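Student:
This is the structure:
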């Protein structure tokens, strides 16, 4: 018997008995091809976009009352983090909906619950690596099967910071507010490489967008070894969740 947790609420808490095994969806690595003007061959590269995948759970409600059913429909809606018992070390980001109208659900022997899962499966535990000292470089290992877009947080020590990840450099100019304050370690700059944005955090905790102060590609971690070099930081950390097809 399978169980699930969606946005911190478990199927057991909702009084649901899952009657079929919940097997997480998988994706297959694919390649795209781009025509090159004047050449007969096409350029081959790893596909960057994958479709969502559907995972349906069938459940029996232990307390099939109208009040309990209303609670289930209220909590199983929208977008969130999904964990299933058959893959306890992974999480999925998914939209959930119940295709049967609530008024008819009491008459159903089993209640279908549909999760539309975004690619890919993510590690339940986030990894963090200190990259303050990178002389000559810092190696960051990724054990998943898919590239991942990390989060990098650092405290700047000069007017511009360079972060070199696998030979590609992103330059981040330090906001004038931090320069004027004398580069205190109570400020930090964060690169959200998945969302392709940057912001700095004030001592109060307020976050201020500063993506316009970046130049160059946001870092991406590949499978296996990655090499990082930086300059202009007092301290720096890279955080990431490994991903699987």
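Residue numbers (full-length UniProt numbering): 1 to 245.
C-beta atoms are modelled at their ideal positions from N, C-alpha and C, and glycine is treated no differently.
If you're wondering where the values come from, they're calculated on a predicted model, not measured in any experiment.
(1) Tell me whether the region 190-209 and the region 116-133 touch, counting them as touching only if at least three CB pairs, one residue from each stretch, are closer than 8 Å.
(2) Candidates 228, 60, 74 and 154: which alpha carbon is nearest residue 136's?
(3) Report yes or no: is there a C-beta of chain D within less than 8 Å of the C-beta of residue 158?
(4) With DSSP collapsed to three states, give me the class of residue 237.
(5) Using 8 Å as the Cβ pair cut-off and three pairs as the minimum, do the region 82-93 and the region 150-157 touch?
(6) Can you list, in chain order, the stretches of the beta strand (DSSP E) that have 3 or more residues and sit fully within the region 196-222?
(7) Decide yes or no for the touch test of the region 131-148 against the region 224-238: beta carbon pairs closer than 8 Å, at least 3 of them.
(8) Work out the CA separation of residue 124 and residue 248 for me, nearest whole Å.
(9) DSSP beta-bridge partners for residue 100?
(10) To which residues does DSSP link residue 244 through a beta bridge?
(11) Do residue 219 and residue 150 come within 8 Å of each other at the CB atom, strictly closer than that value?
(12) Three-state secondary structure (DSSP) at residue 179?
(13) Could you check where the beta strand (DSSP E) with residue 72 kicks off and where it finishes?
(14) Return the chain-ordered list of same chain residues with a C-beta closer than 8 Å to the C-beta of residue 183, the five sequence neighbours on each side being excluded.
(15) If we count Cβ pairs, one from each stretch, closer than 8 Å, do we get three or more for the region 109-116 versus the region 196-213?
(16) What is the DSSP secondary structure of residue 109, reduced to helix, strand or coil?
(17) Between the alpha carbons of residue 14 and residue 3, how many angstroms are there, rounded?
(18) Between residue 168 and residue 217, which are expected to be in contact by the criterion C-beta below 8 Å, what is the C-beta distance as a whole number of angstroms?
(19) Taking C-alpha atoms, which residue in 186, 22, 181 and 213 lies nearest to residue 86?
Tutor: According to the structure data:
(1) The region 190-209 is not in contact with the region 116-133.
(2) Nearest C-alpha to residue 136: 228.
(3) The chain labelled as chain D is not found in the depicted structure, where only one protein chain is given.
(4) In the three-state reduction of the DSSP assignment, residue 237 falls in the strand class.
(5) The region 82-93 is not in contact with the region 150-157.
(6) Runs found: 197-201 and 207-209.
(7) Contact holds: three or more Cβ-Cβ distances are below 8 Å.
(8) No information on residue 248 is available, as it lies outside the stretch 1 to 245 that the chain covers here.
(9) Residue 100 is not bridged to any residue.
(10) When DSSP reads this structure, residue 244 sits in a beta bridge with 121.
(11) The beta carbons of residue 150 and residue 219 sit closer together than 8 Å.
(12) Looking at residue 179 - three-state DSSP - the assignment turns out to be helix.
(13) For residue 72, there is no enclosing beta strand (DSSP E); the enclosing alpha helix (DSSP H) covers residues 66-75.
(14) Taken in chain order, the residues that qualify are 155, 156, 157, 158, 174 and 234.
(15) Contact check between the region 109-116 and the region 196-213: fewer than three CB pairs, one atom from each, fall below 8 Å, which does not count as touching.
(16) Coil, per DSSP.
(17) Each residue's alpha carbon lies about 11 Å from the other.
(18) The Cβ separation is near 5 Å, so the contact holds.
(19) Of 186, 22, 181 and 213, the residue nearest in Cα terms is 22.
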